[in-house]
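Chemist:
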Amino acid sequence: MASSRKLNLCGPAIRKLRTAMGLSQAELAARCQRAEWDVSRDVIARIEGQRRWVGDIELLHLADILRVDVRELLRR
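Pasting the structure below:
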């Protein structure tokens, strides 16, 4: 049985920003890899679904790639 416990606050904002930029999850993962963060499309999907914890350095990478202030990713 899958847990409904949310592991991050940033997932929905990441999904919204990614889709607004016209990026697929695979394209976002590729941009993350170019920024020296080894991440897969599956990891991006789990982050967006709030099923994976996100570290502070990862959050900074995502904010940079999505061109937003890191606080934008933490808004509810």
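If you want the numbering used here, it's the position in the sequence shown, counting the first as 1, plus 620.
All C-beta atoms, glycine included, are put in the ideal place defined by N, C-alpha and C.
(1) Would you tell me roughly how many angstroms separate the C-alpha atoms of Leu-679 and Val-690, rounded to the nearest one?
(2) Which first and last residues belong to the alpha helix (DSSP H) in which Ala-646 is found?
(3) Quick check on the burial criterion: 16 or more other C-beta atoms within 10 angstroms. Buried or exposed for Met-621?
(4) Could you spell out where the alpha helix (DSSP H) holding Arg-661 opens and where it closes?
(5) With contact counted as at least three CB pairs below 8 Å, one residue from each stretch, are the segment 624-634 and the segment 664-682 in contact?
(6) Just to check my reading of the structure: Glu-692 and Ala-655 have Cβ atoms closer than 8 Å, yes? What is that Cβ distance to the nearest angstrom?
(7) How big is the Cα-Cα spacing for Arg-682 and Arg-696?
Modeler: Quick look at the numbers:
(1) Position 59 of the sequence shown, counted from the first residue, corresponds to residue 679. Position 70 of the sequence shown, counted from the first residue, corresponds to residue 690. Roughly 7 Å between the two C-alpha positions.
(2) As a position in the sequence shown, residue 646 is number 26, starting the count at 1. Boundaries of the alpha helix (DSSP H) harbouring Ala-646: 645-654, taken from the DSSP string.
(3) Indexing the sequence shown from 1 puts residue 621 at position 1. Confidence is the limiting factor: at Met-621 the pLDDT is only 48, short of 50, which leaves the residue's position unreliable, though a coordinate-based value still follows. By the neighbour-count rule (16 or more Cβ atoms within 10 Å), Met-621 is not buried but exposed.
(4) As a first step, residue 661 must be located in the sequence shown, where it is residue number 41. Boundaries of the alpha helix (DSSP H) around Arg-661: 661-668.
(5) Yes: the two stretches touch, three or more of their Cβ pairs being nearer than 8 Å.
(6) Numbered from 1 along the sequence shown, position 72 holds the residue referred to as residue 692. Numbered from 1 along the sequence shown, position 35 holds the residue referred to as residue 655. Actually they do not touch by this definition, with Cβ atoms about 18 Å apart.
(7) Sequence index remark: in the sequence shown, residue 682 carries index 62 (1-based). Sequence index remark: in the sequence shown, residue 696 carries index 76 (1-based). According to the sequence displayed, residue 682 carries Leu and not Arg. Near 17 Å, if we compare the C-alpha coordinates of Arg-696 and Leu-682.
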